[in-house]
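What follows is a set of notes on a single structure, which appears directly below.
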Amino acid sequence: MAQNLKDLAGRLPTRPWGMGIALKLLLGACAVAYGVRESMFTVEGGHRAIFFNWIGGVQQDTVLAEGFHFSIPWFQYPIIYDIRARPRKISSPTDGEYLPACAVSTQCSGAS
52 MAQNLKDLAG RLPTRPWGMG IALKLLLGAC AVAYGVRESM FTVEGGHRAI FFNWIGGVQQ
112 DTVLAEGFHF SIPWFQYPII YDIRARPRKI SSPTDGEYLP ACAVSTQCSG AS
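According to the working numbering, the sequence shown is numbered sequentially starting from 52.
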């Protein structure tokens, strides 16, 4: 059985010497490109981000403003929050003994 496999392997064509090196370089370049892609992120306008570190937890002293940022892939990942103020509509129906029934509403844009 082993002799048959050796004969079969001897009949197969051999690849060029540089093919193994080229394949290793290609795989290495793909790994580096993937690592660079995973290390970049963007915080959009009206948002903030904090880092979660797999070793130390949330880094509370680092709040990232909007823009382009880098992280350490597979150890840090950003948690992005929306900090924009949203308008809030408050309605209150009035029904008094001496006043006609009507609905009063106001809109405030403060934090809720």
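Beta carbons: idealized from backbone N, C-alpha and C, even for Gly. It should be emphasised that the depicted structure is a prediction, and the values quoted were computed from it without experimental measurement.
Beta-carbon contacts of residue 127 that lie in its chain and below 6 Å, excluding the five residues immediately before and after = 102 and 104
Nonlocal neighbours in the same chain, by C-beta distance under 8 Å from residue 134, ignoring five residues either side = 97, 98 and 99
For residue 163, I'd like the list of residues in its chain whose CB is within less than 7 Å of its CB, leaving aside the five on either flank, ordered along the chain.
-> Only weak support exists for where residue 163 lies, its pLDDT of 48 falling under 50; the value from the coordinates is given anyway. The answer, listed in chain order, is 139.
Have a look at residue 86 and residue 114 and give me their C-alpha separation to the nearest angstrom.
-> 23 Å
Cα separation between residue 156 and residue 142?
-> 4 Å
With a CB to CB cut of under 6 Å and the five nearest residues on each side skipped, what residues in its chain are close to residue 153?
-> 145
Quick one: what does DSSP say residue 97 is sitting in, helix, strand or coil?
-> coil
Along the chain, which unbroken stretches of the beta strand (DSSP E) at least 3 residues long are found entirely within the stretch 115-149?
-> 118-121, 127-133 and 139-145
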